[in-house]
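Per this note's numbering, the very first residue in the sequence shown carries number 3; after that it's consecutive.
Just so you know, even glycine gets a beta-carbon here, dropped at the ideal spot from N, CA and C.
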Amino acid sequence: AHPFTTSFHPTDVRVTTRVHEHDLQSCLFSCIHEGGHGLYDQGLDPRYFGTPLGDSVSLGIHESQSRMWENCVGRSRPFWRFFYPMLQQTFHHQLRDLDVEQFYAAINRVKPSLIRVEADELTYNLHIMLRFEIEQDLVEGRTRPEDLPGIWNQKMEEYLGIVPSNDAEGVLQDVHWSFGAFGYFPTYTLGNLYSVQFYEQAKLEIPHLEDEIAAGQLMVLRRWLGQKIHRWGRMFTPDHLAQRVTGKSLDPEPFLSYVERKYGELYKL
Numbered sequence: 003a004h005p006f007t008t009s010f011h012p013t014d015v016r017v018t019t020r021v022h023e024h025d026l027q028s029c030l031f032s033c034i035h036e037g038g039h040g041l042y043d044q045g046l047d048p049r050y051f052g053t054p055l056g057d058s059v060s061l062g063i064h065e066s067q068s069r070m071w072e073n074c075v076g077r078s079r080p081f082w083r084f085f086y087p088m089l090q091q092t093f094h095h096q097l098r099d100l101d102v103e104q105f106y107a108a109i110n111r112v113k114p115s116l117i118r119v120e121a122d123e124l125t126y127n128l129h130i131m132l133r134f135e136i137e138q139d140l141v142e143g144r145t146r147p148e149d150l151p152g153i154w155n156q157k158m159e160e161y162l163g164i165v166p167s168n169d170a171e172g173v174l175q176d177v178h179w180s181f182g183a184f185g186y187f188p189t190y191t192l193g194n195l196y197s198v199q200f201y202e203q204a205k206l207e208i209p210h211l212e213d214e215i216a217a218g219q220l221m222v223l224r225r226w227l228g229q230k231i232h233r234w235g236r237m238f239t240p241d242h243l244a245q246r247v248t249g250k251s252l253d254p255e256p257f258l259s260y261v262e263r264k265y266g267e268l269y270k271l
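1) I'd like to check one pair, D47 with R233: are the Cβ atoms closer than 7 Å?
2) So, are the CB atoms of W82 and Y106 less than 7 Å apart?
3) Check whether the stretch 162-170 touches the stretch 95-112, taking contact to mean three or more Cβ pairs, one atom from each stretch, closer than 8 Å.
4) For chain C, is any of its Cβ atoms less than 7 Å away from the one on R49?
5) Rounded to a whole number of angstroms, what is the C-alpha to C-alpha distance between I34 and P5?
6) So T8 is in the alpha helix (DSSP H); what residue range does that whole segment cover?
7) Using DSSP with H/G/I as helix, E/B as strand and the rest coil, what is R16?
8) By the three-class DSSP mapping on this structure, what secondary structure does D25 have?
9) If we require 4 or more residues per run, which alpha helix (DSSP H) segments fall completely within the stretch 74-117?
10) Label P87 either buried or exposed according to how many other C-beta atoms from any shown protein chain fall within 10 Å of its C-beta, with 16 as the threshold for buried.
11) Please go through the same chain and pick out, in chain order, the residues whose beta-carbon is closer than 7 Å to the beta-carbon of V247, but skip the five residues on each side of it.
12) Specify the secondary structure class of Q199 as computed by DSSP and reduced to three states.
13) With three or more C-beta pairs closer than 8 Å as the rule, is the stretch 185-201 touching the stretch 53-66?
14) What are the boundary residues of the alpha helix (DSSP H) that T53 is part of?
15) With burial defined as no fewer than 16 other Cβ atoms inside 10 Å of the residue's Cβ, what is the status of Q67: buried or exposed?
16) Determine contact between the stretch 255-270 and the stretch 108-122, defined as no fewer than three beta-carbon pairs at a distance below 8 Å.
17) What's the gap between the Cα of R133 and the Cα of H178?
18) Cutting at 7 Å between CB atoms, please list the residues of its own chain near Y196, excluding the five before and the five after it.
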């Protein structure tokens, strides 16, 4: 099952998830991710429903909202300073001997994953690169559909050092190709880059943003996103929107600095 969000109107946004009995992270971060999509859809101006001004600007910007809430917020220390005691109370037996720093390290562990939606921030984009390269070869006729399982497994071993034991863990894990969504996967990497660029700008403009998050005050970030991104619909192109919000076009440097700083501290590099 693949989590997704669907919107019929800014007042009717629905989120799905999936639950693994023995894997809290999968459900938890899927919910936060899809919630980010849902907040964008809810933030569109209902007066312009059915017009370009009532729709999201692009898939890449949409993914920036889900990835920001999932990673910049949902995998951060400030977020769990507030929410971990609640999680610990709910899952007392499983988490009673784990303090918040141990939990923070666990949810940010870097380890190759067979499943894209369960990948950590550092290896996630390798999953996207793999899919993008396969899509290019398919569209340009260099690869046949029947050869995909073998090519997929070969690239997984090359990029991540692991090989799926079956196609459900491999080439069939995503829903995108089954309904013709070719070219979608790069929007996740675009979303990763935009998300950090926007979040770093939010920290500049909102005094003590991470202190607010640590106090459970998430609405301050939501309001900022609503004013800066959501309410504009398709008024601007993604690049124009990024320039309006951050003063520059899409730039990978904030993302690279973010992961170097975060994981350098975690792994003492």
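According to the structure data:
1) Translated into the one-based positions of the sequence shown, residue 233 becomes position 231. Translated into the one-based positions of the sequence shown, residue 47 becomes position 45. In this structure, R233 lies near D47, with their beta-carbon atoms less than 7 Å apart.
2) On the sequence shown, position 80 is the one that residue 82 refers to. On the sequence shown, position 104 is the one that residue 106 refers to. Between W82 and Y106, the gap from beta carbon to beta carbon is short of 7 Å.
3) Fewer than three pairs of CB atoms, one per stretch, sit closer than 8 Å, so the stretch 162-170 makes no contact with the stretch 95-112.
4) Absence of chain C from the displayed structure is noted, only one protein chain being present.
5) Counted from its first residue, the sequence shown places residue 34 at position 32. Counted from its first residue, the sequence shown places residue 5 at position 3. Going by the C-alpha atoms only, they are around 11 Å apart.
6) Residue mapping note: residue 8 aligns to position 6 of the sequence shown, counting from 1. T8 -> not in any alpha helix (DSSP H); beta strand (DSSP E) instead, spanning 7-11.
7) As a first step, residue 16 is located in the sequence shown; it is residue number 14 there, counting from the start. If DSSP states are grouped into helix, strand and coil, R16 belongs with the strands.
8) As a first step, residue 25 is located in the sequence shown; it is residue number 23 there, counting from the start. Strand.
9) Given a length threshold of 4 residues, each whole run of the alpha helix (DSSP H) inside the stretch 74-117 is given here in chain order: 79-92, 94-97, 102-109.
10) Taking the first residue of the sequence shown as 1, we reach residue 87 at position 85. Answer is exposed; the Cβ neighbour count stays below 16.
11) Position 245 of the sequence shown, counted from the start, is the residue given in the question as residue 247. A distance below 7 Å between beta-carbons, with the five flanking residues on each side excluded, links V247 to the following residues of its chain, in chain order: F200, Q203, K230, I231.
12) On the sequence shown, residue 199 is found 197 positions in, with the first residue counted as 1. Looking at Q199 - three-state DSSP - the assignment turns out to be helix.
13) Three or more beta-carbon pairs drawn from the stretch 53-66 and the stretch 185-201 are found closer than 8 Å, and the two stretches are therefore classed as touching.
14) Position 51 of the sequence shown, counted from the start, is the residue given in the question as residue 53. No alpha helix (DSSP H) contains T53, which DSSP labels as neither H nor E.
15) By one-based count along the sequence shown, residue 67 stands at place 65. Flag for Q67 reads buried.
16) Yes, the stretch 255-270 is in contact with the stretch 108-122.
17) For the purposes of this step, residue 133 is identified with residue 131 of the sequence shown, where counting begins at 1. For the purposes of this step, residue 178 is identified with residue 176 of the sequence shown, where counting begins at 1. So the two alpha carbons sit approximately 11 Å from each other.
18) The residue given as residue 196 occupies position 194 in the sequence shown. Contacts found: G62, I63, S66, A244, L252.
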